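Residue numbers (UniProt numbering): 1 to 131.
Beta carbons: idealized from backbone N, C-alpha and C, even for Gly.
Model, not experiment: these values are computed from the prediction.
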């Protein structure tokens, strides 16, 4: 299968469409001519598009500073800020580094099934989270 499928006679591009099989009640993917709607080709694969966007960023830098004001997160009044002596800290979980999570995860020993989650603490008085 090439990048674009074309109508055998008119050379028009074929578009992916879902077709209902009345006998079995199942749907299947077919490529249909966008103009005549009569010409069809069965799809080799049900996958029409894959987007893999991987961006390497520091996950700790992506933590929203408003997490310290979230009333649903646990707070601790016994931890004192070393800069201003305010006693209020917020605890939350975040993914500490990127692991492979998806359909191929867990098939090998080096591919974990779940992301690595770590517990973090942020002081409520902090202008920006200093993790």
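Item                                                                                                                                                          : Value
Please report the distance separating the alpha-carbon of residue 24 from that of residue 45.                                                                 : 19 Å
Would you give the residue range spanned by the beta strand (DSSP E) that residue 46 belongs to?                                                              : Element bounds for residue 46: n/a, residue is neither H nor E.
Spell out whether any CB of chain D is found under 8 Å from the CB atom of residue 20.                                                                        : Within the model displayed, chain D is absent; a lone protein chain is all it includes.
Go to residue 17, then tell me how far its beta strand (DSSP E) extends in each direction, as first and last residue.                                         : 14-20
Smallest Cα separation from residue 66: which of 13, 32, 16, 92?                                                                                              : 92
State the Cα-Cα distance for the pair residue 35 and residue 12, rounded to the nearest angstrom.                                                             : 8 Å
Beta-carbon separation of residue 5 and residue 39 under 8 Å?                                                                                                 : no
Helix, strand or coil, according to DSSP, for residue 86 in the structure here?                                                                               : coil
Once the 5 residues before and after residue 121 are set aside, which same chain residues still bring their CB inside 6 Å of it?                              : 89, 91
Can you name, in chain order, every residue of its own chain whose Cβ lies under 8 Å from the Cβ of residue 109, other than the five neighbours on each side? : Note that residue 109 scores a pLDDT of 49, beneath 50, so its modelled location is shaky; the value from the coordinates is reported in the next line. Here the set comprises nothing.
I'd like the list of long-range same chain contacts for residue 79, defined as Cβ closer than 6 Å, with 5 residues on each side in sequence excluded.         : 89
Alpha carbons only, please: which of 85, 17, 76, 77 is nearest the one belonging to residue 42?                                                               : 17
Using only the alpha-carbon positions, how far apart do residue 37 and residue 14 sit?                                                                        : 9 Å
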